[in-house]
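Protein chains in written order, with our numbering: chain Z, 12 to 206; chain L, 12 to 206.
Beta carbons: idealized from backbone N, C-alpha and C, even for Gly.
Here is the structure we will look at, set down as structure tokens.
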DNA sequence: AGTCGTCAATACGCTGCCGTATGGTAGCCC
DNA sequence: GGGCTACCATACGGCAGCGTATTGACGACT
């Protein structure tokens, strides 16, 4: 029973391969040996390579939206804490796969469309949290944009720094965005204290 | 005299092709007809396809750092205004080519190294401006990171919005990052006013 | 035991692209 | 005008990867 495959195991392997080698590293003749079979098997489960790519996009769209949103919502009910958790989550799990899909979407329409939907959903979620935190809708949208783009930017820049410091900085910046909403901020913000 | 080519015209065309189709759309047999020649010409100017790619990276590193930094420095001597100009510049010229190179760097070591150097230089520039604006070195680094990653994120997210609104929002957020440096901010920041 | 459905191996043809080899042309220099 | 240089065209060999065709193995059901 262990060795017969189903379509989902192919897409699962495809996600892994996509994460490490990019779309055009995602070849069925490279994926097949990873699963211990030959490509003869692949073309039983899928019509095309394109069909596999579509399946990959569908799967990613799910994990990149529903999964993270659920995880964050489960973590806390308070908006600010949710955003903190989201930030931590991005640094922990938002890694090579996200980068690969976005790189893919840079020159492929199908992928671009999925990325666009994912961005929209996640952005709306961040907006909602900021509104819940007390911002008016308009200001929430502007702040959410800064917050969201910064998180995406973190995934794509290669400013080398150990991860813990990056998270710490990102959280500090998050507090900046959470404060100043009309009520005066509590903490002093004179000069940074270093690490 | 018009039709004989030199190496630089090849790299120039390569940059254009890279911007619209990505690295693996950058094929010499597709580039050749764009220049009105055949690939027989290419292999006179270059040893390899790899050599062309290297040339492309060298060229991009230059335009992505020196060029923009010079442009911004020429625009103003005041740090805050420089950052505003940088923001505008990103939305105006920082387009498909940057995305293409970064997508390329996601799974290619050579490209990744160049992207990394570019990020480092630009980040240091932003840091310097923030310090010049009055922040202490440590706080400047944290803020610069938020600012820089947000700009990169803007280039890579596909949150559809007309460009002018995006610039406006980004500039508003920039003011947020510039303020709060110890002296109290001047403008009111209660509720956003919409477009 | 035979049959059918499910999954896989092998072998093949085709295409896109790389890199090479070879020959061609146009200007310049003597 | 013969040769040399710089640039280009054409033709070729080779490889990687796609998709197909054919055959095979193994379990379930009757």
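Where the alpha helix (DSSP H) through residue i begins and ends
| i | result |
| --- | --- |
| residue 45 of chain Z | 39-45 |
| residue 53 of chain L | 50-56 |
| residue 109 of chain Z | 107-116 |
| residue 72 of chain Z | 60-73 |
| residue 16 of chain Z | No alpha helix (DSSP H) contains residue 16 of chain Z, which DSSP labels as neither H nor E. |
| residue 104 of chain L | 90-104 |
| residue 78 of chain L | From DSSP, residue 78 of chain L is part of no alpha helix (DSSP H); its letter is neither H nor E. |
Minimum Cβ-Cβ distance from residue i to chain L less than 8 Å
| i | result |
| --- | --- |
| residue 33 of chain Z | yes |
| residue 131 of chain Z | yes |
| residue 180 of chain Z | yes |
| residue 110 of chain Z | yes |
| residue 117 of chain Z | yes |
Closer than 7 Å at the beta carbon, the chain Z residues around residue i
| i | result |
| --- | --- |
| residue 163 of chain L | 164, 167, 168 |
| residue 160 of chain L | 161, 164, 165, 168 |
| residue 113 of chain L | 167 |
| residue 157 of chain L | 161, 184 |
Pick from the options that is closest to residue i, judged by C-alpha positions
| i | options | result |
| --- | --- | --- |
| residue 163 of chain Z | Z:21, Z:141, Z:104, Z:19 | Z:104 |
| residue 156 of chain Z | Z:139, Z:170, Z:171, Z:89 | Z:139 |
| residue 169 of chain L | Z:22, Z:81, Z:141, Z:134 | Z:134 |
| residue 102 of chain Z | Z:178, Z:183, Z:189 | Z:178 |
| residue 167 of chain L | Z:189, Z:45, Z:109 | Z:109 |
| residue 32 of chain Z | Z:182, Z:188, Z:112 | Z:112 |
| residue 118 of chain L | L:27, L:17, L:34 | L:34 |
| residue 23 of chain L | L:184, L:63, L:50, L:15 | L:63 |
| residue 129 of chain Z | Z:60, Z:69, Z:44, Z:48 | Z:69 |
| residue 27 of chain Z | Z:79, Z:106, Z:127 | Z:106 |
| residue 121 of chain Z | Z:61, Z:186, Z:91 | Z:61 |
| residue 79 of chain L | L:136, L:124, L:91 | L:136 |
| residue 15 of chain L | L:87, L:83, L:29, L:52 | L:52 |
| residue 7 of chain Z | L:46, L:123, L:49 | Absent from the structure is residue 7 of chain Z, since the part of chain Z shown begins at 12 and ends at 206. |
| residue 82 of chain L | L:132, L:100, L:71 | L:100 |
| residue 152 of chain L | L:189, L:126, L:181, L:176 | L:189 |
| residue 184 of chain Z | L:161, L:182, L:54 | L:161 |
| residue 125 of chain Z | Z:89, Z:98, Z:73 | Z:73 |
Closer than 8 Å to chain Z by CB, residue i
| i | result |
| --- | --- |
| residue 52 of chain L | no |
| residue 24 of chain L | no |
| residue 203 of chain L | Caution applies to residue 203 of chain L, whose pLDDT of 39 falls short of 50 and renders its modelled position unreliable; the model cannot decide the point. |
| residue 36 of chain L | yes |
| residue 88 of chain L | no |
Under 8 Å from the C-beta of residue i: neighbouring residues of chain L
| i | result |
| --- | --- |
| residue 39 of chain Z | What residue 39 of chain Z touches in chain L: nothing, since even the nearest Cβ is about 17 Å away. |
| residue 144 of chain Z | Within chain L, no residue comes near residue 144 of chain Z; the closest Cβ sits about 14 Å away, beyond 8 Å. |
Amino acids of chain Z, ordered along the chain, whose beta-carbon sits closer than 9 Å to that of residue i
| i | result |
| --- | --- |
| residue 79 of chain L | Chain Z residues near residue 79 of chain L: none, gap ~16 Å exceeds 9 Å. |
Within chain Z, partners of residue i - CB distance below 8 Å
| i | result |
| --- | --- |
| residue 126 of chain L | 169 |
| residue 123 of chain L | 169 |
Contact set between residue i and chain L, taken where Cβ atoms lie within less than 7 Å
| i | result |
| --- | --- |
| residue 105 of chain Z | Residues of chain L passing the Cβ test: none, with the nearest at roughly 12 Å. |
| residue 153 of chain Z | 180, 183, 184, 203 |
Notebook entry, point to check: Can you list, in chain order, the stretches of the alpha helix (DSSP H) that have 4 or more residues and sit fully within the segment 132-195 of chain Z?
Noted result: 148-167, 174-189
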